[in-house]
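Student: What follows is a single structure, and I will ask about it in a moment.
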Amino acid sequence: MLALYPAELRREYGSEMTAQFLEELRDARKRGNRAVLGYWVRTTLDWAGSAAGAHMEILRSDLFAMRGNLSRHPWSLAALVVLLSAVLAINATGITIAGRIMVRPLPFESRGRVAFLAEWREAGSLAWLNAPVSFAQDLKSSGSIAETAFINGARTANIGGTARQICFVSASLFDVLNMIPAAGHAFGEGETAVAVLGPRLWNARYRASESAIGQTIQIEGRAYRIVGAMAEQSDLPFDPDVWLPSSANVSSYGAVLARLKAGTSIRTAQDEWNALRGTLPGNWPAEMAPLRDLWRDQVFDYIMWGGVLAFLMVLVLACADLLSFELGQAARRARDVAIRVAVGASRARIVQMAMTETMSITLTAAILSLPASAAAIRAFHRADSWGAHRLAGWNSVRFDGSVVALTIGLGILAGGVTAFIPAWNLSSRDPWPLLNAGHRAVRRPERLRSWLVGLQMGVASLILVAATTLGIEGVGRLRTPQVRYFDSTWSIRFDPRARPQVNQVRQLMERLEAEGHRTIVTSVRPFGDDPAAMQYEANGKRYTAQMARVSASFFRIPGFQWRSGQSWTEETAATKDLPPAAISMAVAQEAGLRAGDTIVMLNANGHRVPCRVAGIVEAPSLDMYSMWPSHLLFVPWRLGPLGEISLLVDGGRGGIDATLREAEPTITTYDGDFALRIRQNGGVWNGILIIWGAAAALGLSLALVGAMTWLTQIFADHGPEIALRCALGSRAGGIWRWAVRRIWIPAALGSTAALLLGTALLLVPSRLLQPKEMALAGASFVAIAGAWGFWSLILWIGSAGAAAGSTASRLRNL
Amino acid sequence: MKYRFDPAPYLPLPHVHFEILICLAEHEQHGYSIKREIAERTGGRISLGPGSLYNAIGKLTGAGLIEESSDRPEAHLDDERRRYYRLTAEGRAVLKAETARLRGAVELAEARFAPVRPRRA
């Protein structure tokens, strides 16, 4: 119990306290067990209260001393606290967003991890594998799988005159995803003509009333009895209006998913699937992937983890600033500490005193950062410009108690790590060296501070290299010819209820073209959607690729180059010959195809559509799909339902609006402007630019604050020396050289190390940057040289100020 | 110039400190005896545990109101682990000032709230 009292009290009164305790205990024993118990209770309460009180007393006195110390540098302190709170806010926000989207378990994972059969796309993203749904049954034999389910269809249907999303699923899906209906029950195996309502339809049509259960709903001309209704399911990757049993859809292909047994890893499930698929007909090199990763791709992960890393580096810079500030404080307090040590203050007491000051600064900054964290998280939610709401974990990204705990924790961690070095340095047991200003123990912090400035310049340079590299790459990607081509393009969807005809769409296109608008028809909107995976046969073998239906005008987009063959025209596509197809280089190489060869497209229901290869397309333009697929097939837009296509029209909305309404008032609907969609896709790179730009700005600010603090301190500490130099004829240049000599080695080493590390990390291994490596390296050199130049200018201004002091002030200093 | 101690900054004294100063006003005492006297005097209402007692003694010593005494009792009555404390001149001045402050407060309370005594005819 004594150990919890402050060391001074323990040392002074410990033996007496022990003696009194034993004496009182002996007296209590004479009075019986009850008295002993009562004494223990009283003593424990007294111990808890008095130990806490003693520590609070010390804390109060430390805080009082701290107030005096810090009030001497109000502006430095204010700048430090503001910057630190900004850094803590941005770190807490970044870690919260990354953690909740990528790490924290989601509600549907509460009974075990859920995986799905996926295929990798070229750019590293995962997509559903369109597999036989019988695989769900086959997977049940796997030892690592607890339950399986499948989805064998999802489409838009007309329900009561409104387009609604319907989804055909196996009954086990509700169990796999831990979905419990808010009213009624989920449908069971073998039940047909039953439906479970999703929250949107339940609210819109039945006002979330339980009276909906038992009623009948007409979908695609068929009656379904409503057996259950779902409330809003947080972070579920599916969100249809109606769930229908798989038996209501004819397709035997679809998405397969499984809940893993507790403690089973995805890798184990993958190994078992690999063993299992060898026994299945056909070649299905699928991945078992966590369902939560469904809507994420490597670019998103790259942004998030890159951002977290960037801001952690900025936090290191902020800690270095704080450390530099505290080392300066420690140097000024050396005499005070020496006296305290001489009169018996313990090392722990000195460390505690020094740490109180630093921890108070970081905790104040942490508390001040909370409103900024809350605002940043709200802004992140509002700025959902790239479909982030589909990400698993999106709904759990909010400001709550754990963000507060994280922010305070970061503050404590930053304060604890930062405070320890000056505190330990200050708490030297021998008080005499601390009284001598020229002693090594006193001068050590000054050297440490100059190395800290070098470290800060290095870290700031590293962030600058990353920001410059990614900035150039991002701006380049945001301003490609394809993006510029679609700058003012509108996207118009055809209303499936109006049952649009091919001729109607063609007439509309011709009319718009005649008025000077460019038009493209496509089933997959560039810069927003991704082509769907499908299978095709060529030369007797079956392959997988991604397919988009497009009009001939699609190939007018800048960047298309033909390796062989050429694009089709609308006229040739309409002939009774085999429909034309354009294939990417990767498809041609994989299947050994040439222009004029025949391929057979296989849709999910097993229909076979033979096509003739009209041309082989070079890859660059395919960057317009966010997943950068390389295995692509383009076929004429008429080979499929018109309800799924979009008409892209170039021109101002005012110009095309009247034409569209006048021409086909019944078949067109607007669903947003295409220019916005392009910005949405660019949002990924905008995100990278904003994150690294902010990190670079914060990093440079912190490095500058650190350098300024160092400069102020050396000018203050070496006032007599500077005065003497000025008296002997030195001017600003001389003082500048004197200051630079003290810092150039750490700063040069820091910057060079940062540049080498930045080059190694960012430029060499990145396949994105191959054509621009030299330019990016050059830009990074320029950026670092700019930072150096700016810093030198500040140093020059400081030197000029020091050299311009009056003769009287110089004499005073001397 | 003669130094004159001003007790005002120490007032009002925490009640436990006041009780300890009263104990030491008469004679020197060690910690446990201070605790026992306070407990007896207050009918057991104030029973200081070792932590509270020595925390208070530490503060009073630090403030210079009490000090350790070098006088020890007879060897057969002494326990070497014990330390004896006595009031300093400053402590006595603070005790007096606090007593006067409390007396003033009591008198004021009595004047305002005590039942009015009937005047003698």
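If you read the sequences in order, they're chains A and B.
Here the numbering used here is used: position 151 in the first sequence is 151, and no number is missing along the way.
The numbering used here runs 1000 ahead of the 1-based position in the second sequence.
The beta carbon of each residue, even a glycine, is placed where N, CA and C say it ideally should be.
In this structure, what does DSSP give as the bridge partners for A:Asn-178?
Tutor: Looking at the DSSP assignment, A:Asn-178 forms no beta bridge with any residue, so it has no partner.
Student: Only counting the same chain, and skipping five residues up and downstream in sequence, which positions put a Cβ closer than 8 Å to that of A:Asn-603?
Tutor: Result list for A:Asn-603: Met-534 and Val-609, in chain order.
Student: Tell me, please, which residues DSSP counts as bridged to A:Lys-541.
Tutor: Paired residue(s): A:Ala-538.
Student: Report the residue from A:Ala-591, A:Ala-330 and A:Phe-150 whose alpha carbon sits nearest the alpha carbon of A:Val-351.
Tutor: Per the Cα distances, A:Ala-330.
Student: Let me see if you follow: with CB-CB separation under 8 Å, is B:Ile-1057 close to chain A or not?
Tutor: Judged by the 8 Å Cβ criterion, B:Ile-1057 is in contact with chain A.
Student: For the candidate residues A:Gly-221, A:Arg-259, A:Ala-229 and A:Val-256, whose alpha-carbon lies nearest to that of A:Ala-248?
Tutor: With distances taken between Cα atoms, A:Ala-248 lies closest to A:Gly-221.
Student: Which chain B residues sit within Cβ distance under 9 Å of A:Arg-340?
Tutor: Chain B residues near A:Arg-340: none, gap ~14 Å exceeds 9 Å.
Student: Any idea what DSSP makes of A:Val-87, helix, strand or coil?
Tutor: Helix.
Student: Does DSSP put A:Thr-659 in a helix, a strand or coil?
Tutor: Helix.
Student: Suppose the cutoff is 8 Å on Cβ atoms and the five residues either side in sequence are ignored; what does the same chain contact list for A:Gly-693 look like?
Tutor: Same-chain partners within the cutoff: Ala-467 and Gly-471.
Student: Drop a sphere of 10 angstroms on the beta-carbon of A:Met-304, count the other beta-carbons inside from all chains shown, and report buried for 16 or more, exposed for fewer.
Tutor: Buried is the call here.
Student: Look at the alpha carbon of A:Ala-787 and the alpha carbon of A:Ala-748, and state the distance between them as a whole number of angstroms.
Tutor: Approximately 12 Å between the Cα atoms of the pair.
Student: In this structure, does DSSP put A:Phe-116 in helix, strand or coil?
Tutor: Of the three classes helix, strand and coil, the one that applies to A:Phe-116 here is strand, per DSSP.
Student: Confirm, please, whether the CB-CB distance from B:Ala-1039 to B:Leu-1087 is below 8 Å.
Tutor: Against a cut-off of 8 Å, the Cβ pair of B:Ala-1039 and B:Leu-1087 comes out as no contact.
Student: Along chain B, which residues have their Cβ under 8 Å away from the Cβ of A:Phe-21?
Tutor: What A:Phe-21 touches in chain B: Pro-1050.
Student: Show which residues of chain A have a CB atom less than 8 Å away from the CB atom of B:Arg-1045.
Tutor: Under the 8 Å cutoff, chain A gives no residues; its nearest Cβ is about 13 Å from B:Arg-1045.
Student: Could you name the residues of the stretch 13-38 of chain A whose beta carbon sits closer than 7 Å to any beta carbon of chain B, in the order they occur along the chain?
Tutor: Flagged, chain order: Tyr-13, Ser-15, Glu-16, Met-17, Ala-19, Gln-20, Phe-21 and Glu-23.
Student: Going along the chain, which residues of the stretch 37-70 of chain A sit with their C-beta nearer than 8 Å to a C-beta in chain B?
Tutor: Residues passing the 8 Å Cβ filter: Arg-42, Thr-43, Leu-45, Asp-46, Trp-47, Gly-49, Ser-50, Ala-51, Gly-53, Ala-54 and Glu-57.
Student: How many angstroms separate the CA atom of A:Gly-228 from the CA atom of A:Val-505?
Tutor: Cα-Cα distance, rounded: 40 Å.
Student: So that I know if they touch, is there some Cβ in chain A lying closer than 8 Å to that of B:Tyr-1032?
Tutor: Yes, contact with chain A.
Student: Please say whether A:Pro-746 and A:Ser-450 have beta carbons closer to each other than 8 Å?
Tutor: Yes. Within cutoff.
Student: To the nearest angstrom, report how far apart A:Ala-86 and A:Ala-376 are at their CA atoms.
Tutor: Whole-angstrom Cα-Cα distance: 11 Å.
Student: Between which two residues does the beta strand (DSSP E) carrying B:Arg-1086 extend?
Tutor: Segment 1084-1087, the beta strand (DSSP E) holding B:Arg-1086.
Student: Please confirm whether B:Leu-1011 and B:Arg-1101 have their CB atoms less than 8 Å apart.
Tutor: It is a contact, given that the beta carbons lie within the stated cut-off.
Student: Between A:Gln-456 and the rest of its own chain, which residues show a CB-CB distance below 6 Å, the 5 nearest in sequence each way excluded?
Tutor: Excluding residues within five positions, the ones whose Cβ falls inside 6 Å are Leu-317, Ala-320, Ala-703 and Gly-706.
Student: On a CA-only basis, which of B:Glu-1098, B:Gly-1058 and B:Arg-1092 is nearest A:Pro-6? Give me that one, please.
Tutor: Looking at the Cα atoms, B:Gly-1058 is the closest of the given residues.
Student: The alpha helix (DSSP H) with A:Ser-50 in it runs from where to where?
Tutor: Segment 33-70, the alpha helix (DSSP H) holding A:Ser-50.
Student: Taking C-beta pairs closer than 8 Å, name the residues in chain A that B:Arg-1082 reaches, listed in chain order.
Tutor: Within 8 Å Cβ-Cβ: Glu-16 and Ala-19.
Student: Using a Cβ-Cβ cut-off of 7 Å (strictly less than) and excluding sequence neighbours within five positions of A:Trp-685, which residues of its own chain qualify?
Tutor: Excluding positions up to five away in sequence, the list reads Gly-474, Arg-477 and Leu-478.
Student: Whole angstroms is fine: what's the gap from A:Phe-554's alpha carbon to A:Val-649's?
Tutor: Those two C-alpha atoms are separated by around 12 Å.
Student: Applying the 10 Å Cβ sphere with the 16-neighbour rule, what's the burial state of A:Glu-510?
Tutor: Exposed: under 16 other Cβ atoms inside 10 Å.
Student: Could you pull the start and end residues of the beta strand (DSSP E) that A:Arg-563 belongs to?
Tutor: From DSSP, the beta strand (DSSP E) with A:Arg-563 extends over 562-565.
Student: Using only CA atoms, which one of A:Phe-399, A:Ala-392, A:Ile-367 and A:Ser-373 lies nearest to A:Ile-408?
Tutor: With distances taken between Cα atoms, A:Ile-408 lies closest to A:Ile-367.
Student: Could you compute how far the alpha carbon of A:Pro-258 sits from the alpha carbon of A:Trp-75?
Tutor: Per the sequence shown, residue 258 of chain A should be read as Ala rather than Pro. Each residue's Cα considered, the two are about 59 Å apart.
Student: How far does the alpha helix (DSSP H) with A:Gln-371 in it reach, from first residue to last?
Tutor: Going by the sequence as given, residue 371 of chain A is Pro instead of Gln. From DSSP, the alpha helix (DSSP H) with A:Pro-371 extends over 347-382.
Student: Go ahead and label A:Met-359 buried or exposed: buried means 16 or more other beta carbons lie within 10 angstroms of its beta carbon, across all protein chains shown.
Tutor: It counts as buried.
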